[in-house]
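Asks: Before I ask anything, here is the structure I am working with.
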Amino acid sequence: MTADTRSEDVTAVGAPRPGGAGRIGDRIVSRIGYGAMQLERLRDDRPAAVALLRRAVELGVDHIDTAQFYGDGLVNGMIREAIRPEDGVTLVSKVGAEPAAGPVPLRAAQRPEQLRAGVEDNLRSLGIDQVPVVNLRRLDSGPGLRAEGDQAVDLDDQLAVMTAMRDEGMIGAIGLSSVTLEGLRRALPAGIVCVQNAYSLVSRGDEDMLELCTAEGIAWVPYFPLGSAFPGIPKVTDEPAVLAAATSLGVTASQVGLAWLLHHAPESLLIPGTATIGHLEENIEVGSLVLDAATLAELDSVPTRSAGSLG
Numbered sequence: 473m474t475a476d477t478r479s480e481d482v483t484a485v486g487a488p489r490p491g492g493a494g495r496i497g498d499r500i501v502s503r504i505g506y507g508a509m510q511l512e513r514l515r516d517d518r519p520a521a522v523a524l525l526r527r528a529v530e531l532g533v534d535h536i537d538t539a540q541f542y543g544d545g546l547v548n549g550m551i552r553e554a555i556r557p558e559d560g561v562t563l564v565s566k567v568g569a570e571p572a573a574g575p576v577p578l579r580a581a582q583r584p585e586q587l588r589a590g591v592e593d594n595l596r597s598l599g600i601d602q603v604p605v606v607n608l609r610r611l612d613s614g615p616g617l618r619a620e621g622d623q624a625v626d627l628d629d630q631l632a633v634m635t636a637m638r639d640e641g642m643i644g645a646i647g648l649s650s651v652t653l654e655g656l657r658r659a660l661p662a663g664i665v666c667v668q669n670a671y672s673l674v675s676r677g678d679e680d681m682l683e684l685c686t687a688e689g690i691a692w693v694p695y696f697p698l699g700s701a702f703p704g705i706p707k708v709t710d711e712p713a714v715l716a717a718a719t720s721l722g723v724t725a726s727q728v729g730l731a732w733l734l735h736h737a738p739e740s741l742l743i744p745g746t747a748t749i750g751h752l753e754e755n756i757e758v759g760s761l762v763l764d765a766a767t768l769a770e771l772d773s774v775p776t777r778s779a780g781s782l783g
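Plus 472 on top of the position in the sequence shown (first one is 1) and you've got this note's numbering.
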C-alpha cells in the first residue's frame, strides 16, 4: 500500500486531503490521518470497525497508524480486512512493546531480536510484504513504560536492526517514538522520517525537537494531541482559551486543540483516534478550520506543562 503520488491535492481514491498534503519521507499523505488504537473498543463489532475504516478512506485519510500490540493483532486484522491496495494508504506501525496480562497491558520489547519479531508479526497480521513505516518506540520520554534490566538497550543497537530490516525490504522507512532530543540527533544518520512523541497545546516540552524535525523535513506526529487520561497530564479541552475559541467558532474544544497543532508547525501530521464515525467526521473537519491571528495568539499564550516530566 503506497500513498498516491499523482497529485498532492487528492488521495488515490480521489478524495481531497483533509488538512492538505504532508509528507512522511518520500510519501505524500493527508495531514489528518487516523490512529487505530481505539478500534480495540469494537472487538465485538467487527463490521463497525471495517465501516469506520472505509469511511476514513472516503473522507481522505491515507495515513493509518497502528501496532501489532493493539489488541494483540486484533486491530491489524481489522485494517487488513478493510483497507485495499488501491486505497493508497500509508500504514505506519511500531515496535518496542508487546501485549501483557495485568493492569498494564504492555511490556517493553526493546531487544533487537524482539524488534525484528515485532515487524514479522506486523507483516503477518496486516497481510503485506512490507510495512511502509515502522516507528521504533523508545521508552525515554513521555508517560508510560520505561526500559529496565535487559530492556535498556542502546539506541545504536536498535537502529542497526531497524536499518537491516529496511535494507532487507521488510520496512520502507524508520521513525522514532517516545524519544529524547539527544536520541533523535544520534539517529539522524539512519534516515528518520517521523517522530511520535506526546505533545499538545498544553504539553509543549519538545519544542526544540519539533524545530529540529522541521529543519530536517521529518514528520512530527504527536500522540496525546489533546492531553491524556493519564494522571497528572492536563487536558487541552479543559483550557479556558480553548473553550472560548470553540464557542466563538461554533466548534468543539477538541477541534480547536487539533487545529492548533496543524497551524503551529508545517511538519505536523495528526492521527486522532476514535471508534465512531461521527467523531471521525468531526476530526476530518479540523482540516478546514481557520484560526485567525488573534485566536492563535490566545492559544499560544496557554502555559505548557511537559508530558515528558509526568508519570
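For every residue, glycine included, the Cβ atom is placed at its ideal position computed from N, Cα and C. It should be emphasised that the depicted structure is a prediction, and the values quoted were computed from it without experimental measurement.
1. With Pro584 and Gln630 assumed to form a contact (beta carbons below 8 Å), what rounded beta-carbon distance in angstroms separates them?
2. With DSSP run on the structure shown, which of helix, strand or coil describes Ile555?
3. Looking only at DSSP bridge pairs, what is Glu570 linked to?
4. Closest to Asn755 by C-alpha separation, out of Leu524, Ala766, Ala632, would be which residue?
5. Just list the residues that DSSP pairs Gly729 with in beta bridges.
6. Taking contact to mean at least 3 C-beta pairs separated by less than 8 Å, is the region 630-639 in contact with the region 690-710?
7. Quick check: the region 532-548 against the region 497-514, are there 3 or more CB pairs under 8 Å?
8. Would DSSP call Val674 helix, strand or coil?
9. Can the beta-carbon of Arg503 be found closer than 9 Å to that of Ser740?
10. Ile496 to Gly560, Cα distance in whole Å?
11. Buried or exposed for Leu656, going by 16 or more other Cβ atoms inside 10 Å?
12. Please state if the CB of Val674 and the CB of Glu711 are separated by a distance shorter than 9 Å.
13. Return yes when the Cβ of Ala521 is within less than 9 Å of the Cβ of Ala554, no when it is not.
14. Can the beta-carbon of Ile643 be found closer than 9 Å to that of Val605?
15. Let me know if Leu698 comes out buried or exposed under the rule of 16 or more other beta-carbons within 10 Å of its beta-carbon.
16. Since Ala619 contacts Leu611 with CB under 8 Å, what's their CB separation in whole angstroms?
17. Strictly by DSSP, which residues pair up with Ile496?
18. Give me the Cα-Cα distance between Glu753 and Leu531, rounded to the nearest whole angstrom.
19. Determine the burial state of Asp601: buried for a count of at least 16 other Cβ atoms within 10 Å of its Cβ, exposed for fewer.
Replies: With the structure as the only source:
1. So it is a contact: roughly 6 Å between Cβ atoms.
2. Of the three classes helix, strand and coil, the one that applies to Ile555 here is coil, per DSSP.
3. DSSP, once it has assigned bridges, lists Arg579 as partnering Glu570.
4. Minimum Cα distance to Asn755 is reached at Leu524.
5. None; Gly729 has no bridge partner.
6. The region 630-639 makes no contact with the region 690-710; the number of CB pairs closer than 8 Å stays below 3.
7. Counting C-beta pairs closer than 8 Å gives three or more between the region 532-548 and the region 497-514, which meets the contact rule.
8. In the three-state DSSP reduction, Val674 falls in the coil class, being neither helix nor strand.
9. Cβ distance < 9 Å, so Arg503 and Ser740 count as in contact.
10. Near 14 Å, if we compare the C-alpha coordinates of Gly560 and Ile496.
11. So Leu656 ends up on the buried side.
12. Yes, they are a contact pair.
13. In this structure, the beta-carbon distance from Ala554 to Ala521 falls below 9 Å.
14. Yes, these two residues count as a Cβ contact at 9 Å.
15. Burial state of Leu698 is buried, judged by a 10 Å Cβ sphere holding 16 or more other Cβ atoms.
16. That belief holds up - the Cβ atoms of Ala619 and Leu611 are roughly 4 Å apart, short of 8 Å.
17. Ile496 is bridged to Arg499.
18. Distance between the alpha carbons of Glu753 and Leu531 is about 8 Å.
19. If you draw a 10 Å sphere on the C-beta of Asp601, you find fewer than 16 other C-beta atoms in it, and that means exposed.
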